[in-house]
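Chains V and H supply the protein sequences, listed in that same order. Taken in order, the first sequence gives residues 348 to 563; the numbers are from my numbering. Taken in order, the second sequence gives residues 348 to 563; the numbers are from my numbering. For each residue, glycine too, the CB sits at the ideal point set by N, CA and C. Report on one structure; see the data block that follows.
Protein chains: 2
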Amino acid sequence: MRIGVLGTGMVGSTLATKLVSLGHEVMMGSRTAGGEKAVAWVRSTGARASQGTFADAARFGEMVFNCTQGGASLEALRAAGAANLEGKILVDVANPLDFSKGMPPSLTIMNTDSLGEQIQREFPETRVVKSLNTVNAQIMVDPSRVPGDHDVFVSGNDAGAKARVTELLTNGFGWARVIDLGDITTARGTEAYLLLWIRLWGALGSPEINIRVMRR
Amino acid sequence: MRIGVLGTGMVGSTLATKLVSLGHEVMMGSRTAGGEKAVAWVRSTGARASQGTFADAARFGEMVFNCTQGGASLEALRAAGAANLEGKILVDVANPLDFSKGMPPSLTIMNTDSLGEQIQREFPETRVVKSLNTVNAQIMVDPSRVPGDHDVFVSGNDAGAKARVTELLTNGFGWARVIDLGDITTARGTEAYLLLWIRLWGALGSPEINIRVMRR
Numbered sequence: 348m349r350i351g352v353l354g355t356g357m358v359g360s361t362l363a364t365k366l367v368s369l370g371h372e373v374m375m376g377s378r379t380a381g382g383e384k385a386v387a388w389v390r391s392t393g394a395r396a397s398q399g400t401f402a403d404a405a406r407f408g409e410m411v412f413n414c415t416q417g418g419a420s421l422e423a424l425r426a427a428g429a430a431n432l433e434g435k436i437l438v439d440v441a442n443p444l445d446f447s448k449g450m451p452p453s454l455t456i457m458n459t460d461s462l463g464e465q466i467q468r469e470f471p472e473t474r475v476v477k478s479l480n481t482v483n484a485q486i487m488v489d490p491s492r493v494p495g496d497h498d499v500f501v502s503g504n505d506a507g508a509k510a511r512v513t514e515l516l517t518n519g520f521g522w523a524r525v526i527d528l529g530d531i532t533t534a535r536g537t538e539a540y541l542l543l544w545i546r547l548w549g550a551l552g553s554p555e556i557n558i559r560v561m562r563r
Numbered sequence: 348m349r350i351g352v353l354g355t356g357m358v359g360s361t362l363a364t365k366l367v368s369l370g371h372e373v374m375m376g377s378r379t380a381g382g383e384k385a386v387a388w389v390r391s392t393g394a395r396a397s398q399g400t401f402a403d404a405a406r407f408g409e410m411v412f413n414c415t416q417g418g419a420s421l422e423a424l425r426a427a428g429a430a431n432l433e434g435k436i437l438v439d440v441a442n443p444l445d446f447s448k449g450m451p452p453s454l455t456i457m458n459t460d461s462l463g464e465q466i467q468r469e470f471p472e473t474r475v476v477k478s479l480n481t482v483n484a485q486i487m488v489d490p491s492r493v494p495g496d497h498d499v500f501v502s503g504n505d506a507g508a509k510a511r512v513t514e515l516l517t518n519g520f521g522w523a524r525v526i527d528l529g530d531i532t533t534a535r536g537t538e539a540y541l542l543l544w545i546r547l548w549g550a551l552g553s554p555e556i557n558i559r560v561m562r563r
């Protein structure tokens, strides 16, 4: 499948590299084409890797990953263009974290709204699936780094889109357990969880953590 | 030990009953003494159970549990009185949930503050420990209702107070794993987690859920 990955940071490059290794054709998108990070990524990743603007990557992809920083995601998606995203699955892995006041960061959107919902409202013809935002980049694409079965979540209004993302998470990335939380408003839950995740990182001394949901 | 339990609802009565069963003397406190719920609880629980006002229960307890609704906790604690709480451990199990706009509830305090911090700021001579607010009342006092090992958290500024609460959680209530998240500001994490917990309840169809933190 052709996949667009918006964002050239750690999350974008980790996801893009994994997707290429699974056999997909991946275009990495950034504000301006030909940036140093994107060019270096293409050079080191090989034939199925390419790069361009946000709009190029969104146009290229049958599925698109939002790996931009949460505070810049709406602007990046506007640059990608609603027409280029229309009808497509957009996997939103970003968190609206504000680091401007130091550590630990706080959230700029939360409680009665979420970044996932804001994106879905602004791009109503795109099928937004919030996922993977509860773990760091390495665990996103290799959950076995944390021993034992633990969980990843999907939130979205389109059942077919969630099913396709779940298929990629399980058969592609190796997630044994994917919990469908419900519609896109449930992104409020996984984004708010970041405030606990940050404290767990602090207490346990490692960002390579995740949770397993257990029930009676 | 003598323990004061503020609040006569499901959480207060479940915790109070468990504490009596462990051999503690427990006074349940409410806005006005002699209320129907508190009197019924004393009658059904026996010799080590008593009831009174918030101030009576705070004065009685060597340790005090805040089991009032989060939105009413500061008012209840003011009624309990700073002098009656001075030097004591206050275990805050409440969440500042707002149900006024229907389900799911939202939080009235969060992100850059927490109910735990607000209580600690207003009662600086009290040793506040936030704990148990991430599970429902039945699981608080009987974690084995959810099979397997899962986690409960403590947040607070006083290491000695956290150690005593941890002792009660493990040897009293049966928690195998207690994670010390750090100072009282880490209550922001466990209170925000409620927004995920509510969605997990919705997705899994049961409030008898909890999480296990897993790490590399």
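Using only alpha-carbon positions, find the residue among the options that is nearest to residue i.
i: threonine 452 of chain V; options: H/Pro451, H/Ser453, H/Met450 and H/Met457; result: Sequence check: residue 452 of chain V is proline here, not threonine. If we check each option's Cα against that of proline 452 of chain V, H/Met457 comes out closest.
i: arginine 474 of chain H; options: H/Asp498, H/Arg492 and H/Ala506; result: H/Ala506
i: lysine 509 of chain V; options: V/Gly495, V/Asp498, V/Asn518 and V/Ser478; result: V/Ser478
i: phenylalanine 467 of chain V; options: V/Leu542, V/Met357, V/Ala429 and V/Arg492; result: The amino acid at residue 467 of chain V is misidentified as phenylalanine; the sequence shows glutamine. For glutamine 467 of chain V, the nearest C-alpha among the options comes from V/Ala429.
i: isoleucine 545 of chain V; options: H/Thr532, H/Leu369, H/Asp439 and H/Met450; result: H/Thr532
i: threonine 415 of chain V; options: V/Val438, V/Gln485 and V/Ser397; result: V/Val438
i: alanine 419 of chain V; options: V/Ala441, V/Gly519, V/Leu528 and V/Leu369; result: V/Ala441
i: arginine 563 of chain H; options: V/Glu472, V/Asn483 and V/Gly519; result: V/Asn483
i: valine 560 of chain V; options: V/Gly434, V/Thr513 and V/Leu528; result: V/Leu528
i: leucine 421 of chain H; options: H/Arg378, H/Gly382 and H/Lys448; result: H/Arg378
i: methionine 357 of chain H; options: H/Ala380, H/Lys384, H/Gly370 and H/Leu547; result: H/Lys384
i: phenylalanine 412 of chain H; options: H/Ser368, H/Asn480, H/Thr459 and H/Pro471; result: H/Asn480
i: arginine 425 of chain H; options: H/Gly382, H/Arg492, H/Glu469 and H/Met410; result: H/Glu469
i: methionine 410 of chain V; options: V/Met348, V/Leu444, V/Ala380 and V/Ala423; result: V/Met348
i: threonine 361 of chain H; options: H/Ala394, H/Ile556, H/Ser391 and H/Gln485; result: H/Gln485
i: asparagine 518 of chain H; options: H/Leu454, H/Gly354 and H/Gly370; result: H/Gly370
i: alanine 427 of chain H; options: H/Val386, H/Ser391 and H/Thr400; result: H/Thr400
i: alanine 394 of chain H; options: H/Ser368, H/Gly382 and H/Gly417; result: H/Ser368
i: glycine 449 of chain H; options: V/Leu444, V/Thr459, V/Met450 and V/Leu454; result: V/Thr459
i: tryptophan 522 of chain H; options: H/Leu547, H/Leu543, H/Gly503 and H/Gly495; result: H/Gly495
i: glycine 382 of chain V; options: V/Thr355, V/Thr392 and V/Ser391; result: V/Thr355
i: alanine 550 of chain V; options: H/Leu543, H/Gly549, H/Gly503 and H/Ser553; result: H/Gly503
Quick check on residue i - is its C-beta less than 9 Å from some C-beta in chain H?
i: aspartate 527 of chain V; result: yes
i: valine 560 of chain V; result: yes
i: glycine 549 of chain V; result: yes
i: serine 478 of chain V; result: no
i: histidine 371 of chain V; result: no
i: isoleucine 531 of chain V; result: no
i: leucine 542 of chain V; result: yes
i: arginine 563 of chain V; result: yes
i: alanine 539 of chain V; result: yes
i: serine 553 of chain V; result: yes
i: arginine 511 of chain V; result: no
Between residue i and the rest of its own chain, which residues show a CB-CB distance below 6 Å, the 5 nearest in sequence each way excluded?
i: serine 564 of chain H; result: Because chain H here runs from 348 to 563, residue 564 of chain H falls outside it and cannot be looked at.
i: alanine 363 of chain H; result: Val352, Val373 and Met375
i: glycine 366 of chain H; result: Reading off the sequence, residue 366 of chain H comes out as leucine, not glycine. Cβ within range, chain order: Ile350 and Val373.
i: leucine 571 of chain H; result: Residue coverage of chain H in this structure runs from 348 to 563, which leaves residue 571 of chain H outside it and unanswerable.
i: glycine 359 of chain V; result: Val352 and Cys414
i: leucine 444 of chain V; result: Gly417 and Pro452
Nearest chain V C-beta to residue i closer than 9 Å, yes or no?
i: isoleucine 556 of chain H; result: yes
i: serine 447 of chain H; result: no
i: glycine 536 of chain H; result: yes
i: alanine 430 of chain H; result: no
i: alanine 506 of chain H; result: no
i: arginine 524 of chain H; result: no
i: isoleucine 436 of chain H; result: no
i: isoleucine 545 of chain H; result: yes
Kindly list the residues whose CB is nearer than 7 Å to the CB of residue i, restricted to its own chain and excluding five residues on each side of it in sequence; keep chain order.
i: asparagine 431 of chain V; result: Ala402, Ala405 and Arg406
i: isoleucine 558 of chain V; result: His497 and Asp498
i: arginine 511 of chain V; result: Ile436
i: glutamate 464 of chain V; result: Ile531, Thr532 and Ala534
i: glycine 434 of chain H; result: Glu472
i: threonine 392 of chain V; result: Thr364 and Val367
Taking 8 Å as the limit between beta carbons, can you name the residues of its chain near residue i, skipping five residues before and five after?
i: phenylalanine 520 of chain V; result: Lys365, Met487, Val488, Asp489 and Pro490
i: valine 389 of chain V; result: Met375, Ala396, Ser397 and Gln398
i: valine 501 of chain V; result: Val476, Lys477, Ser478, Lys509, Val512, Thr513, Leu516, Val525, Ile526, Asp527 and Leu528
i: phenylalanine 446 of chain H; result: Pro452
i: glutamate 555 of chain H; result: Asn483, Gln485, Ile486, Arg492 and Val493
Contact residues within the stretch 483-494 of chain H, judged by C-beta distance below 8 Å to chain V: Arg492, Val493 and Pro494
Residues of the stretch 447-461 of chain H whose Cβ lies closer than 7 Å to any Cβ of chain V, in chain order: Ser453, Leu454, Met457, Asn458 and Thr459
Those runs of the alpha helix (DSSP H) which lie wholly inside the stretch 403-473 of chain V and span at least 4 residues: 420-427, 429-432 and 462-469
Against chain V: residues of the stretch 382-399 of chain H by CB proximity under 7 Å: none
Contact set between the stretch 462-477 of chain H and chain V, restricted to residues whose Cβ is under 7 Å from the partner: none
Sequence ranges, beta strand (DSSP E) only - wholly within the stretch 483-545 of chain V, length at least 3: 498-503 and 524-529
Entirely enclosed beta strand (DSSP E) segments - the stretch 357-398 of chain H, minimum 3 residues: 372-377
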